[in-house]
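Below is one structure, written out as structure tokens, with a few remarks after it.
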Amino acid sequence: MNFDRKKQIRFKNDDDIRLLREVVARNPIKNKNKWTEVAAVLSTPMFVLDARRVRERTNLLIEQHKRENRENLKKSGVDEDVTERTTLLDEIMELKEEEEREKKEEKEKKEKSENLGKEIRKRALECLTPKKDDESDIPKRRYSQTYLVDYLKEKSEMEIATKRTELELRKEELRLQKAQFDLDREERLQRMEVEKQEKIAFMDLLKKLTNNK
DNA sequence: CTAATTAATCGCTCCTTACC
DNA sequence: GGTAAGGAGCGATTAATTAG
């Protein structure tokens, strides 16, 4: 028995929607401290939340959403209901994926440039270390200096070249990502619109039927 | 009603980041 | 280098909800 444990706060569907809206609006995936803001916005005296609670609830919802998607797919492609709830969850998942991709890329880039630096330094060092005596017809100092200059030149050229290609690649990637994202969003909105129209048509039909009675 | 299932809380640990 | 601070996730425990 633990007496200092808080009373549990259960999320209702409305609460979930409000939560998901805030998460999409503020993107705490990218700015960790935003979890606090989200919690502050959603908290009322009756419904007290902290950043951790908000984060854990979001994760739980996403887990459930993923599970549902998997199951729908298995049951031979039942389309998910197009509701605000699922739309929001999809968007949050995209935010998460985007963040992950960015982190991975950053890491890879860092490693790459580190390796490049190491390599060049190593080679420069090799050329600076004294050779055996039998090569001494070339003055040591001159010998190493020219090589050092060469390597420095090589180094900066390589860096500029790789940076340029990396930048172009990155730009292209971003463009594609954005295009895909916009496409997805457009598709979802359209689906929602179609559903709304169908609902309206259905209601009209109902009205007609009842009036004609 | 009780048993089973699902969700919330919390302690702990691991990771990253900032600072020395 | 290391280490303090804070975020995040995992798992055990407990509480609430649902099924039977």
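Quick note: the first sequence uses the working numbering, first residue 14, plus one each step.
Glycine included, C-beta positions come from ideal geometry on N, C-alpha and C.
Note that the structure is predicted; figures quoted are calculated from it, not measured.
Residue i in three-state terms, based on DSSP
i, result
"T100", "helix"
"Q190", "helix"
"D94", "coil"
"Q21", "coil"
"I213", "helix"
"K88", "coil"
"I42", "coil"
"L222", "helix"
Chain-order list of residues whose beta-carbon lies under 7 Å from that of residue i (same chain, five-residue window excluded)
i, result
"K109", "I42"
"M106", "I75"
"E170", "none"
"E97", "I30"
DSSP beta-bridge partners of residue i
i, result
"F60", "T57"
Cβ-based neighbour list, residue i, same chain, cut-off 8 Å, excluding 5 preceding and 5 following
i, result
"Q210", "none"
"R201", "V95, T100 and D103"
"V54", "E35"
"F24", "L32 and R70"
Proximity to residue i [Cα-Cα], best of the options
i, options, result
"I22", "L62, R34, T49 and N40", "L62"
"R114", "L219, E186, K221 and R204", "E186"
"R204", "L218, V95 and T175", "V95"
"V231", "V67, M59, F60 and P58", "Residue 231 lies beyond the stretch modelled for the chain, which goes from 14 to 226, so this question has no answer here."
"T49", "R198, T175, R65 and I173", "R65"
"V37", "T71, F60, K25 and M59", "T71"
"E299", "L73, K176, M59 and K45", "One cannot answer for residue 299 here, as it falls past the ends of the chain, which runs 14 to 226."
Residues of its chain near residue i, where Cβ-Cβ distance is below 6 Å and the 5 sequence neighbours each way are ignored
i, result
"K229", "Residue 229 is absent from the model: the chain starts at 14 and stops at 226."
"K226", "Caution is warranted here: a pLDDT of 48 is assigned to K226, below 50, making its placement in the model unreliable, and the coordinate value is therefore given only provisionally. Answer for K226: no residue qualifies."
"K47", "R39 and P41"
"K19", "none"
Counting Cβ pairs, one atom from each stretch, are 3 or more of them under 8 Å apart for the region 27-36 and the region 95-102?
yes
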